[in-house]
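First the structure, in the form of structure tokens, and then the observations on it.
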Amino acid sequence: MANATSVTTATSGAHAPEQEGRIRRSMRNDKLATGILAAIVAIVMLIVVAMVVYILFQGIGMIFQPGFLTEASRSNGTEGGIAYQLFDSFYLLILTLIISLPISLFGAVFLVEYAPDGPVTKIASTAIETLSSLPSIVVGMFGFLMFSVNFGWGYSLISGAIALTMFNIPILTRVITQALEDVPASQRDACLAMGLTRWETTLHVLIPAAMPAIVTGVVLSAGRVFGEAAALLFTSGMSSPARLNFFSLNFASPTCAWNIFRPGESLAVHIYKIYGEGSPEAQHIVWGTAAVLMICVLLFNVLSRIAGKALARRMTAE
12 MANATSVTTA TSGAHAPEQE GRIRRSMRND KLATGILAAI VAIVMLIVVA MVVYILFQGI
72 GMIFQPGFLT EASRSNGTEG GIAYQLFDSF YLLILTLIIS LPISLFGAVF LVEYAPDGPV
132 TKIASTAIET LSSLPSIVVG MFGFLMFSVN FGWGYSLISG AIALTMFNIP ILTRVITQAL
192 EDVPASQRDA CLAMGLTRWE TTLHVLIPAA MPAIVTGVVL SAGRVFGEAA ALLFTSGMSS
252 PARLNFFSLN FASPTCAWNI FRPGESLAVH IYKIYGEGSP EAQHIVWGTA AVLMICVLLF
312 NVLSRIAGKA LARRMTAE
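Everything in the sequence shown is counted per my numbering, starting at 12 for the first residue and increasing by one.
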């Protein structure tokens, strides 16, 4: 017994340096990997911060110029403000969400809760992935030919909103699908065991439980919609009416602000148009518009996340 103990102790002592070496190498590799990942994150944050600071530095002065946010543009956008472009951007966003959110929500519910595993699910997933990978300029050309030309809508807000819907549906469908799949199966089983139908379970349990992720998906898609330009060049147009009447309810009037069949110019398109003209005296308007666009996207994201969390707490009673 003593000899066996001595042999074991000697063997352990012989392997101790080798084990310590492996531990040191593992710790060294772990620190190296941590340092590399931290450096990558720092570089990404530095790029984002530098871009934000530079745009704000160039354009923040225009935001505080009297009339820049409240006056209409003049002289083909080289003078005046961006009031109409700001309104059209939010109006396009609202129209796009009204169209795309119900389609994406019901499509995701069907894929997760009702569609059987098989060709239907595979074909739908492939179609969603294909639609999400289409270049925005191609979607814009399709929207122009289909809605502006064939439907006779011309350059209009509704044509732009439907074109932007093609970007929104794949993003929202994937996010909502993932959110519904992440809900524990025990909640489904408990609801079905209590006698609830599949639709009642989805409506009253699954969707409220997935609401935070759904709101996050809406925020992500809304950011892309708000900053999109290529698709809108061919659909909603590169100009707004010289005068908009926000108090008119004559939806057939070209000056009615709420008329979805009038042309509209978003902030991103406004930047593209003015910058493309190369007018030196209008560059300050370009930077001011870019600063407003960036601030709007940031504020929209922050406010939407706050509203999403509050809504989730109310719907889930947590």
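Even for Gly, the Cβ is constructed at its ideal location relative to N, Cα and C.
- Message: So within the segment 131-161, which uninterrupted beta strand (DSSP E) runs reach at least 3 residues, ignoring any that extend past its ends?
- Response: none
- Task: Per DSSP, which residues does Ser197 bridge with? Please list them.
- Result: According to DSSP, which records beta bridges pairwise, Ser197 is partnered with nothing at all.
- Where Ser84 sits in the DSSP three-state scheme: Note: Ser84 maps to strand in three-state DSSP.
- Item | Anticipated Cβ contact below 8 Å, Ile93 with Ser84, distance rounded | 6 Å
- Item | Contacts around Thr81, its chain only, beta-carbon distance under 8 Å, and the 5 residues preceding and following it disregarded | Non-local C-beta neighbours of Thr81 in its own chain, meaning closer than 8 Å and more than five positions away in sequence, comprise Gly92 and Ala94, ordered along the chain.
- DSSP state of Gly91, grouped into three classes? Three-state DSSP puts Gly91 in a strand.
- Item | Distance CB(Leu207)-CB(Leu103) smaller than 8 Å | No.
- Segments of 4+ residues assigned as alpha helix (DSSP H) that fall wholly inside the segment 196-246: 196-204, 209-212, 218-238 and 241-244
- Task: Check the C-beta distance from Ala233 over to Ala190 and give it rounded, since I have them as a contact under 8 Å.
- Result: Their Cβ separation, rounded to whole angstroms, is 16 Å, which puts Ala233 and Ala190 out of contact at 8 Å.
- Starting from Leu278 and walking both ways along the alpha helix (DSSP H), at which residues does that stretch end? Leu278 to Glu288
- Since Ala302 contacts Ile66 with CB under 8 Å, what's their CB separation in whole angstroms? 6 Å
- Query: Do the segment 120-134 and the segment 309-320 make contact, defined as three or more Cβ pairs closer than 8 Å?
  - Reply: no
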